[in-house]
Amino acid sequence: MIDVVQKPRDGCLYEIRQKGQKDTCYVVVPNPKDLVKSHLMFAVREEVEVLKERIAELMERINQLEVENTYLRAHASQDTLAQLPAAAGTKPPAAPQGPQPPVS
0 MIDVVQKPRD GCLYEIRQKG QKDTCYVVVP NPKDLVKSHL MFAVREEVEV LKERIAELME
60 RINQLEVENT YLRAHASQDT LAQLPAAAGT KPPAAPQGPQ PPVS
């Protein structure tokens with residue numbers, strides 16, 4: 000539990016008591032808004048790094064799956080390819096048979 004004990008001219012004095020602890024700690028914070036802002040910025044930066052790592056892993060997985068897909072399509076029979084559902088966003092086989100029309 001954190002209580003503001005008094006408000007000195009240069010900041011706030013906080014009394015910090017932890018559950019199960021008898022000792023009390025006092026902390027003077029010059030500018031509480033800056034402290035909160037710095038904690039939030041740190042948390043956001045940390046989360047951004049985690050998300051960047053996850054995106055890199057997913058991009059690597061996408062590339063791996065695209066290579067596998069291209070290989071399998073190149074080595075599959077025409078009958079097998081004809082049975083595949085026409086899903087949106089699928090890539091054409093590795094060796095296109097003619098020029099592709101421009102997409103609008």
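Residues in the sequence shown are numbered consecutively from 0, following numbering that gives the first Met the number 0. Heads up, the beta-carbon is just placed ideally off N, CA and C, and yes, glycines get one too.
C-alpha gap between residue i and residue j, whole angstroms
| i | j | result |
| --- | --- | --- |
| D78 | N68 | 16 Å |
| K32 | H38 | 10 Å |
| Y25 | L34 | 16 Å |
| V43 | K51 | 12 Å |
Helix, strand or coil at residue i [DSSP, three-state]
| i | result |
| --- | --- |
| L12 | strand |
| S103 | Bear in mind that the predicted position of S103 carries a pLDDT of just 48, short of 50, making it too unreliable to give a figure here. |
Identity of the residues DSSP links to residue i by a beta bridge
| i | result |
| --- | --- |
| T23 | R16 |
| V47 | Paired residue(s): none; V47 is not in a bridge. |
| V66 | Bridge partners of V66: none, in fact. |
| V28 | C11 |
Proximity to residue i [Cα-Cα], best of the options
| i | options | result |
| --- | --- | --- |
| P29 | L39, V43, C11 | C11 |
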